[in-house]
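Visitor: Respectively, the protein sequence lines represent chains U and S.
For what it's worth, my numbering labels the leading residue of the first sequence as 355, then goes sequentially.
For what it's worth, my numbering labels the leading residue of the second sequence as 102, then goes sequentially.
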Amino acid sequence: MPQFSQIAFLIIGSIIIISALFVVLFKELIYSALSMVGCFLGVAGLFVMLHAELVAAAQVLIYVGAISVLIIFAIMLTSHRTGDLRLFFHRQAWVAAPICAVAAVALIVVMSTADYNATAEAQNPGDEQIASMLFNEYAFPFELVSLALLVAMVGAVLLAKKEENR
Amino acid sequence: MTHDLLAIMPELMLIVTAVVVLLVDPLLPEEGRRGLSWLGIFACITAALSTWFARGEEFTAFSNSIALDKYSVFFKILLLGVAALAMLISEKHLHKKQRLLGDYYALILFTTVGMIVMAEAIDLITFFVGLELMALSSYLLAGFFRYEERSIEAAMKYFLTGAFASNILLFGMAFLYGLTGSTNYRDISEAIRLGPVPEGPLVIAIVLVLAGFAFKVSAAPFHNWAPDVYQGSPTPAAAFLSVGPKVAGFAAILKFFTMILGSQSEIWVPLMMALSVATMVVGSTMALVQKDLKRMLAFSSIGHVGYLLLAVVATGDSGSNVGMSAILFYLAAYAFMNMGAFAVLVHLSNNSENFRDSLDEIAGLGKRFPWAAGVMALFMLSLTGVPPTAGFLAKFYLFSAVVDAGFAWLAVVGALFSLVSAFFYLRVIVYMYMREPEESVSEKVDGRSWDLSLGIGLAAAGVVLLGILPAPVLNAAQDAVQKLLGN
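(1) When you compare only the Cα positions, how much space is there between S/N422 and S/T161?
(2) Rounded to a whole number of angstroms, what is the C-alpha to C-alpha distance between U/E382 and U/A514?
(3) In the DSSP assignment, find the unbroken beta strand (DSSP E) run with S/T118 in it and report its ends.
(4) Secondary structure at S/F323, three-state DSSP: helix, strand or coil?
(5) Out of curiosity, what's the CA-to-CA distance linking S/L355 and S/P335?
(6) On the premise that U/L408 lies in contact with U/I484, defined as a C-beta separation below 8 Å, what is that separation, rounded to the nearest angstrom?
(7) Indicate the three-state DSSP secondary structure (helix, strand or coil) for S/A222 in the structure shown.
(8) Are the C-beta atoms of S/T227 and some chain U residue less than 8 Å apart?
(9) S/V310 and S/K347 look like a contact to me (Cβ under 8 Å); what is the Cβ gap, rounded to whole Å?
(10) Run through chain S and tell me which residues come within less than 7 Å of U/I490, C-beta to C-beta.
(11) For S/G507, count neighbouring C-beta atoms within 10 Å of its own C-beta (all shown protein chains included) and say buried if the count is 16 or more, exposed if not.
(12) How would you label U/M430, buried or exposed, when you count the other beta carbons within 10 angstroms and need 16 or more for buried?
(13) Sort out for me which residues DSSP pairs S/S459 with in a bridge.
(14) Please tell me whether S/M114 and S/A148 are closer than 8 Å, where the distance is taken between their beta carbons.
(15) Interface residues of chain U around S/F211 at Cβ under 9 Å?
(16) Less than 8 Å between the beta carbons of S/A436 and S/V582, yes or no?
(17) What three-state label does DSSP hand S/L169 in the structure shown?
(18) Does the stretch 193 to 206 of chain S come into contact with the stretch 128 to 137 of chain S, if we say contact requires no fewer than three beta-carbon pairs (one atom in each stretch) closer than 8 Å?
(19) Which residues in the same chain have their Cβ closer than 7 Å to the Cβ of S/V546, if we skip the five residues on either side of it in sequence?
(20) Compare the beta carbon distance of S/A523 and S/T485 with 8 Å and say whether it is the shorter of the two.
(21) Report all residues from its chain with a CB closer than 8 Å to the CB of U/F380; omit the five preceding and five following residues, and keep chain order.
(22) Pairing CB atoms from the stretch 478 to 498 of chain U with CB atoms from the stretch 203 to 213 of chain S, are three or more of them under 8 Å?
(23) Shorter than 8 Å from the beta carbon of U/A468 to some beta carbon of chain S?
(24) Mapping the DSSP letters down to three states, classify S/A464 as helix, strand or coil.
(25) What number of angstroms, rounded off, separates the C-alpha of S/T227 from the C-alpha of S/L271?
(26) Mapping the DSSP letters down to three states, classify S/S252 as helix, strand or coil.
(27) Evaluate contact between the stretch 161 to 170 of chain S and the stretch 484 to 493 of chain U, counting only Cβ atoms and requiring at least three cross-stretch pairs below 8 Å.
(28) Here's the rule I'm using: 16 or more other beta-carbon atoms within 10 Å means buried, otherwise exposed. How should S/Y408 be labelled?
(29) Note down, one range per segment and in chain order, each alpha helix (DSSP H) of at least 4 residues found wholly within the stretch 467 to 498 of chain S.
(30) Hey, is S/V174's beta-carbon within less than 8 Å of any beta-carbon in chain U?
(31) Could you check whether S/T213 and S/L180 sit closer than 8 Å to each other, using their CB atoms as the reference points?
(32) S/G345 CB to nearest chain U CB: under 8 Å?
(33) Throw me the rounded Cβ distance for the S/I217 and S/K171 pair, which I believe falls under 8 Å.
(34) Where does S/F246 sit, in a helix, a strand or coil, going by DSSP?
(35) Which residue's Cα is closest to the Cα of S/A352: S/E367, S/Y278, S/A433?
(36) Closer than 7 Å, Cβ to Cβ, to anything on chain U: give me those residues from the stretch 235 to 257 of chain S, in chain order.
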């Protein structure tokens with residue numbers, strides 16, 4: 355009799371894999387974007403199963419909420435062509451597919467046969483602990499991320515701003 | 102707390118200057134922006150000076166996120182120098198292409214902050230954030246001439262492959278964390294050494310991390326983005342991108358593979374060896390057939406990455422410091438000669454009506470631009486490794502470290518490929534001095550700029566000085582690798 359968590363994991367896992375496949379296989383960009391929402395939701399489900407509720411909430415808020423909406427808006431507001439892109443990548447697929455297949459099989463075999471008894475027990479920090487880690491232990495990278503966001507913003511303006519006399 | 106802030110003083114200087122540049126830029130008239138490069142250069146120089154005067158104090162800061170040791174001092178000063186040189190050679194070119202914006206200098210400063218963090222990090226998360234900061238800004242530098250199709254293409258290719266590579270690296274780092282339960286270099290290394298750690302996933306982690314790094318420093322077979330990116334980027338940005346990220350990448354590779362994975366060298370040494378030989382083969386042979394000088398320099402830089410990886414192999418088996426200090430010296434020499442060669446291309450592009458960076462266009466350069474041709478010849482000789490230039494000593498130390506570590510055959514392979522590379526470096530000199538210029542050669546225009554000349558002069562001086570008086574830099578390199586903090 356399989357446990358509830360195993361069934362849930364199978365369902366969530368297949369949602370992630372199938373929607374991730376749809377993201378790459380759909381020709382219409384908007385379908386890809388919507389499948390990505392499904393993929394993000396599945397990942398949020400995984401986090402819930404791992405009892406990382408804070409991360410799951412962040413995943414839903416940021417990825418499902420903000421980023422997906424932004425992507426969908428971007429698709430709607432820009433003119434897009436379909437079809438050509440798939441042809442463009444076609445030539446490489448024949449080489450890439452077998453290599454990826456081999457890599458995937460190797461990963462699965464190694465990961466499923468390895469003995470994890472000796473590895474460190476995973477700790478599951480609570481929300482308060484995460485907050486204190488962000489502002490103490492990881493204060494430096496945390497602040498540095500804001501710099502990366504600033505660069506992204508400068509870059510967006512730099513690449514997309516309409517300029518006169520050009 | 103104040104200790105922590107003192108530790109990141111150079112980064113803070115660069116960040117503040119970058120933000121000031123961004124804020125001031127829109128208020129300035131076109132001509133006023135020409136001074137912005139000097140603001141950036143000034144920031145780099147003060148940051149380097151503050152690093153130099155604080156070199157005696159060695160400590161870790163931000164609860165073991167970064168290590169302030171001689172190793173990071175060496176890389177900080179080198180990277181700051183590269184950034185200052187890049188800003189020095191850019192101004193006139195941006196002006197000519199009507200893209201003189203402060204954003205460019207701010208992006209160079211942000212890239213430099215990212216690179217410095219990569220070099221001094223002793224924590225996986227800090228390292229990765231530094232890497233991403235560097236990567237994001239460098240994609241933008243590649244696409245800075247957004248009205249030129251090639252520049253946008255370069256940025257797009259760099260972004261897609263770079264993001265992919267970052268993810269592979271991150272995947273490998275996630276494995277390391279999962280296996281050891283820590284993000285700190287020292288703790289991971291302890292956990293792996295004391296073990297037991299499951300062998301299979303550890304191998305996967307090593308392979309993924311190695312592949313990610315190989316992408317970042319453009320080692321074959323993960324090199325294909327480099328020629329397109331350097332060709333399409335604005336030439337001064339290409340000069341910076343072909344040196345900075347590689348120096349920072351090797352700073353991180355050395356820390357990763359000697360500190361974290363030092364006890365696992367029997368796993369990664371064969372992989373690294375294969376990578377190094379493949380990189381040398383691709384770099385030297387593909388450069389032979391390039392007609393575009395920027396692509397030729399790109400493949401040449403791939404070849405140099407091959408030699409450097411060879412020395413990483415040498416550090417692995419014996420754990421010797423000699424290999425590491427040889428790498429540090431090589432990186433310093435490489436920075437001068439590669440930036441110099443690109444800077445000469447910038448000079449030619451500024452002084453010609455329509456310069457396309459092709460080999461045919463530099464035919465007869467010795468007559469038309471005697472000075473530029475002269476220093477270009479110097480940089481080519483140094484890249485080949487002819488005495489008494491920096492390139493010769495760098496290769497000499499590197500190959501002798503490889504021989505000392507017991508890989509004589511690898512050193513022979515390396516020397517053979519550097520012999521092959523002599524062909525395409527010397528071909529440039531032959532074209533410049535022994536070919537008549539083509540009739541279609543583009544009109545000469547007056548694009549003199551004294552700061553570009555100063556930049557080229559500094560690079561040339563560096564190449565010559567490192568070639569005849571290597572002792573100070575070599576000693577600094579040897580000091581730097583004596584003791585890595587957090588090890």
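Even glycine gets a Cβ: it sits at the ideal position worked out from N, Cα and C.
Guide: The relevant details are as follows:
(1) So the alpha carbons of these two residues sit roughly 22 Å apart.
(2) U/E382 and U/A514: Cα-Cα distance of roughly 24 Å.
(3) No beta strand (DSSP E) holds S/T118; the alpha helix (DSSP H) holding it covers 110 to 125.
(4) Correct three-state label for S/F323: coil.
(5) Rounded to the nearest angstrom, the two C-alpha atoms are 30 Å apart.
(6) Yes, U/I484 and U/L408 are in contact; Cβ-Cβ is about 6 Å, under 8 Å.
(7) Assignment of S/A222 by DSSP, reduced to helix, strand and coil, places it in the strand class.
(8) Yes, S/T227 lies at the interface with chain U (some Cβ there is under 8 Å from its Cβ).
(9) So it is not a contact: roughly 17 Å between Cβ atoms.
(10) Contrary to the premise, residue 490 of chain U reads as Asn rather than Ile in this sequence. Listed along chain S, the residues sitting closer than 7 Å to U/N490 by beta-carbon distance are S164.
(11) So S/G507 counts as exposed.
(12) U/M430 should be labelled exposed.
(13) DSSP lists S/D393 as partners of S/S459.
(14) In this structure, the beta-carbon distance from S/M114 to S/A148 falls below 8 Å.
(15) Those within 9 Å of S/F211 in chain U are L501, A502, L504, V505, V508.
(16) Cβ atoms of S/A436 and S/V582: not closer than 8 Å.
(17) When DSSP states are grouped into helix, strand and coil, S/L169 belongs to the strand group.
(18) These segments touch.
(19) The residues N452, S453, E454, in chain order, have a CB closer than 7 Å to that of S/V546 in the same chain once the five nearest residues on each side in sequence are set aside.
(20) Closer than 8 Å, so yes.
(21) For U/F380, where only same-chain residues beyond five positions count, the Cβ hits under 8 Å are S386, S389.
(22) Not touching, per the Cβ criterion.
(23) Yes, contact with chain S.
(24) Coil at S/A464, not helix or strand.
(25) Per the coordinates, the alpha-carbon of S/T227 lies some 12 Å from the alpha-carbon of S/L271.
(26) In this structure, S/S252 counts as helix in the three-state DSSP scheme.
(27) Yes: at least three Cβ pairs fall under 8 Å.
(28) Buried, because 16 or more other Cβ atoms sit within 10 Å of the Cβ of S/Y408.
(29) DSSP assignment within the stretch 467 to 498 of chain S yields the following whole alpha helix (DSSP H) runs of 4 residues or more, N-terminal first: 471 to 485.
(30) Between S/V174 and chain U, the shortest Cβ-Cβ separation is not below 8 Å.
(31) Yes, these two residues count as a Cβ contact at 8 Å.
(32) So, not an interface residue.
(33) S/I217 to S/K171, Cβ: 15 Å. No contact.
(34) Note: S/F246 maps to coil in three-state DSSP.
(35) Taking only the C-alpha atoms, the option nearest S/A352 is S/A433.
(36) Those residues of the stretch 235 to 257 of chain S placed with their C-beta closer than 7 Å to a C-beta in chain U are L237, S238, L241, G244, R247, Y248, ordered along the chain.
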